[in-house]
Structures are given as structure tokens and as C-alpha cells.
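Visitor:
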Amino acid sequence: MLLPGILLLTLLPESLAKRDPLLWEAPHLHGAPRCYLAEELPHSQAPPHLLARSARWEQALPVALVPTLEAASPKRPLEELPARTQCPTLSPGQVLQADTHERSISPWRYRVDTDENRYPRKLAVAECLCRGCINTRTGQETAALNSVPLLQSLPVLRRRACSPGAFTFHTEFIRVPVGCTCVLPRSAQ
């Protein structure tokens, strides 16, 4: 009994060396995720078995907003917008019919962030429009408060090269700005 077991152990590494260990899935043997060839996954999609086990991205705000944002601004890609625009002046008549991000005393806008090595590839990201916050009496920006982004932790799949022409995926948590709020400054100015 012992001799066949030793013989098997001596032959096993040789048989494994003939196969490229990066191209077959054996996490129970190596602890390494499977490598995929580009032809296996069309349009840079993630493997279906990873999507089935992962979060429901279509329900997350940063993912759900992307189609709406892309449809609302067909003439200019959202990725090309400048990072910060002028803080708006608000008047009660203007904000009655506006969306939440436009009625806030810490207004923000959304842009689409695209990363070819991430799934989901596109995420809606909030950008604060003001450094301070808008005074409700005057409608003007005041430095008495600071605008800061509200961050949501979101699991994503990150694609990495594992051999020439092949890649693997691993889960990563990123913090995505989903809105802005007003806070007291950390120090007096």
C-alpha cells in the first residue's frame, strides 16, 4: 500500500508540470484563482460563476444610475466633464422641482467613471459642487460648513493579468462617492 502511494506522489508533480497551472482551476490545490483567456469572456465580462456568487450590482446606486446618466447627456461624454464646477446659487423657486442632488445645501453632480479592468466597468460617482455649503437664507455658499462626499463601500471584481494573454479576477472593496453632505469644519478658518 505504501509503495503505490509514494509512486503516485512522485508522478503527480510531473503530470501537473505538463499542464499550465495558470490555465486550469484548482483553488483547492494551489489557492490561486483560475486564469481566463480573452476569447473565453466576450466584451471584458466577468465569469458567470463569479457573478452568481457576488453582490447584485444592478441594485447598487452607483451601477443603477449609469444608464440614466448616459441617456441624459448623449451629446457630451460624462467622463470629459471638468472635475469641479462653480458652486450654484440657490433660490426657492429653482429648487422646488429639482432632484435631491440639486436641492441639497451641499449640491453634487454625477459623472460616469469607467475602468476596463473592473466589473462593473462603469459606476456613477458623485462630485461635490461646493467647498462650503449653501446658506439657506441667502442661497450663497458659506465657509461655515464644509461639503464632503458620502461614501458607499461596493464590492467589485478586479481583472489582473496572470500570464501573457490571460487574466484572473479577484474581489476588491472600493469606496464610491454617492452624494455629498455638510459637516462642521475640522478647524476654525
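With mature numbering (1 follows the signal peptide of the UniProt record, and there is no 0) applied, the sequence shown corresponds to residues -17 to -1, 1 to 172, in that order.
Where is the CB? At the ideal position from N, CA and C, for every residue including glycine.
1) When you compare only the Cα positions, how much space is there between Gln28 and Val95?
2) Based on Cα-Cα distance, which residue from Pro50, Leu44 and Pro90 lies nearest to Val131?
3) Does the stretch 138 to 158 come into contact with the stretch 95 to 109, if we say contact requires no fewer than three beta-carbon pairs (one atom in each stretch) closer than 8 Å?
4) According to DSSP, is Thr154 part of a helix, a strand, or is it coil?
5) Using the three-state DSSP reduction, which class does Cys72 fall into: helix, strand or coil?
6) In the structure shown, what three-state DSSP assignment does Leu167 receive?
7) According to the neighbour-count rule (16 or more other Cβ atoms, all chains shown, within 10 Å of its Cβ), is Glu124 buried or exposed?
8) Taking the alpha carbon of Val161 as the reference point, which residue from Pro31, Glu23 and Val46 has its own alpha carbon closest?
9) On the criterion of 16 or more Cβ atoms from any shown chain inside 10 Å, does Leu134 qualify as buried, or is it exposed?
10) Give the DSSP-derived three-state secondary structure of Leu48 in the structure shown.
Guide: On the basis of the coordinates in this document:
1) Position 45 of the sequence shown, counting from 1, holds the residue named residue 28. Position 112 of the sequence shown, counting from 1, holds the residue named residue 95. Roughly 18 Å between the two C-alpha positions.
2) Here residue 131 is taken as the residue at index 148 of the sequence shown, counted from 1. Here the closest residue by C-alpha is Pro90.
3) yes
4) As a working note, residue 154 is residue 171 in the sequence shown. Thr154: strand per DSSP, three-state reduction.
5) On the sequence shown, residue 72 is found 89 positions in, with the first residue counted as 1. The question names Cys, but residue 72 in the sequence shown is Thr. It is coil, neither helix nor strand.
6) As a position in the sequence shown, residue 167 is number 184, starting the count at 1. In this structure, Leu167 counts as coil in the three-state DSSP scheme.
7) As a first step, residue 124 is located in the sequence shown; it is residue number 141 there, counting from the start. Glu124 should be labelled buried.
8) Taking the sequence shown and counting its residues from 1, the one referred to as residue 161 is at position 178. Considering only alpha carbons, the answer is Val46.
9) Here residue 134 refers to the residue found at position 151 when the sequence shown is read from its first residue. With fewer than 16 other Cβ atoms within 10 Å, it is exposed.
10) Counting from one through the sequence shown, the residue named residue 48 turns up at place 65. Coil, per DSSP.
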